[in-house]
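Below you can see the structure in the form of structure tokens.
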């Protein structure tokens, strides 16, 4: 048996837009500058460094592509179909990440890196279209049963701001009253007792995520902590 | 950067015992016959075959170790800490599987393969203790929100049989009344209209899993089906 090459790639999500009313779930792609698929857009990625673990390689990927730090980073899946790369066998271990949309002023300039609407992508190299589809599914699914949305928000936020994040990620309008009841019943957020600073007569309450509630699917290296100290897993 | 070696390993779970009252969650380990960790127990695994995808390699693993077919097989995680193997760098893509406990008469004889109580394992090679701990967490967690238990049962079963499976996997007694109400409310099982054959005056009802309810976390290759035909993912 021939040892396949190993690559680490990262699907990076951000909400981008000029206001909370027009946020678009977006991801950065890299134009390939060599064969195969030269000139085609692809997920950022590359080989694993000698001293790095897999998550570190994914984080480096993300910083090299966007100049940003991940707010959330999770292993997505390992892809290893024999024919996924035309020249040599490559197994890709893929991570997905959230980065903050407010940090885009700092995005550095690279003509071979471009942000796209996650639901309106160009033709992608290799099986990267399948990978993005799966990452989108994971993001949307996980948003509904975890406090994942914190990766898109400031530490404190109003329920309207939280709802806008959900609407942008899920790409559908949500009823404000139902949303409020569902979120409050879930225990995922807790009121801070503060209100949004502003000119309103009665400004909306600020909330924060309930960090006593663990995320489902922590990674294996945090499991021991989660098992011995339930509720402190992040 | 040096390309690491790639291995595929499988954590295989079964419920073993002479009756439904004393089932023990068990897994097979393989005694290593070469360095490093010669003589130490380890998860079954090995390199990826040239024509195989990752799940096929994991299934081959499982058959070679136990002589059994998987009833459930899912990718668990890729482990890639730089120091997890002392001699060369190895990245392991790990699957976990369920096999049926009633098939053990057919288990073939290999002095270097032995079944252990999943909660009472010997010292394991590499980081395999961490891997098993994570697989156990995934199994126990997933049992509670999916119809995973079907991997341990016949196609039709009584609620008492289902509860015995939960008790053996979770390692705790469950109140029969609460269990019945929780399971019935979840919609995970549906009555078949048949009753268990036997001598009882009023034999218990038989149920089957509701295949219209998809498992959470299908793999990426089944996602397209799940998205276009909700409810038929398996």
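Protein chains in written order, with my numbering: chain A, -4 to 229; chain B, -4 to 229.
Glycine residues also receive a C-beta, built at the ideal position from the N, C-alpha and C atoms.
The structure presented is a predicted model; accordingly, all values stated were derived computationally and were not measured.
Check	Outcome
Residue 39/A Cβ short of 7 Å to the ligand ATP heavy atom set	For the structure depicted, the ligand ATP is absent and the ligand set is empty, with no information on it obtainable.
Short Cβ contact (8 Å threshold) for residue 116/B with residue 127/B	yes
Coil, strand or helix - residue 95/A by DSSP	coil
Contact with chain A by residue 37/B, beta-carbon distance below 8 Å	no
According to DSSP, residues forming a beta bridge with residue 69/A	91/A
Buried or exposed (CB count within 10 angstroms, at least 16 for buried), residue 14/B	exposed
Buried versus exposed call for residue 31/A [16 or more other C-beta atoms within 10 Å across all chains shown]	exposed
Option nearest residue 78/A by Cα separation, candidates 198/A, -1/A and 137/A	-1/A
Environment of residue 2/A [buried if 16+ CB atoms lie within 10 Å]	buried
Amino acids of chain B, ordered along the chain, whose beta-carbon sits closer than 9 Å to that of residue 46/A	77
Given residue 133/A as reference, the closest of 36/A, 165/A and 160/A once Cα atoms are compared	165/A
Cα-Cα separation, residue 91/B to residue 5/B	5 Å
Given 8 Å, three or more beta-carbon pairs between the stretch 153 to 161 of chain A and the stretch 195 to 203 of chain A	yes
Any alpha helix (DSSP H) of 4 or more consecutive residues that is wholly inside the stretch 110 to 195 of chain A	123 to 140, 154 to 165 and 171 to 181
Buried/exposed call for residue 64/A, threshold 16 Cβ in 10 Å	exposed
From 84/A, 111/A and 130/A, residue whose alpha carbon lies closest to that of residue 44/B	84/A
Beta-bridge partners of residue 0/A, as assigned by DSSP	85/A
Neighbour flag for residue 183/A against chain B, beta carbons, 8 Å	no
Chain B contact residues for residue 0/A, given Cβ-Cβ distances below 8 Å	-2
Minimum Cβ-Cβ distance from residue 101/A to chain B less than 8 Å	Confidence in residue 101/A is poor, its pLDDT being 46 and thus under 50, which makes the residue's placement too unreliable to answer from.
Bounding residues of the beta strand (DSSP E) (the contiguous stretch that carries residue 24/A)	19 to 26
Closer than 9 Å at the beta carbon, the chain B residues around residue 20/A	Under the 9 Å cutoff, chain B gives no residues; its nearest Cβ is about 16 Å from residue 20/A.
Endpoints, the alpha helix (DSSP H) within which residue 201/A is located	Here residue 201/A belongs to no alpha helix (DSSP H); instead the beta strand (DSSP E) covers 200 to 204.
Residue 146/A and residue 93/A closer than 8 Å at C-beta	yes
Chain A contact for residue 69/B (CB, 8 Å cutoff)	no
Chain B contacts from the stretch 153 to 165 of chain A (Cβ-Cβ distance under 7 Å)	none
Option nearest residue 34/B by Cα separation, candidates 120/B, 184/B, 143/B and 66/B	120/B
Residue from 139/A, 143/A, 112/A and 184/A with nearest C-alpha to residue 68/A	143/A
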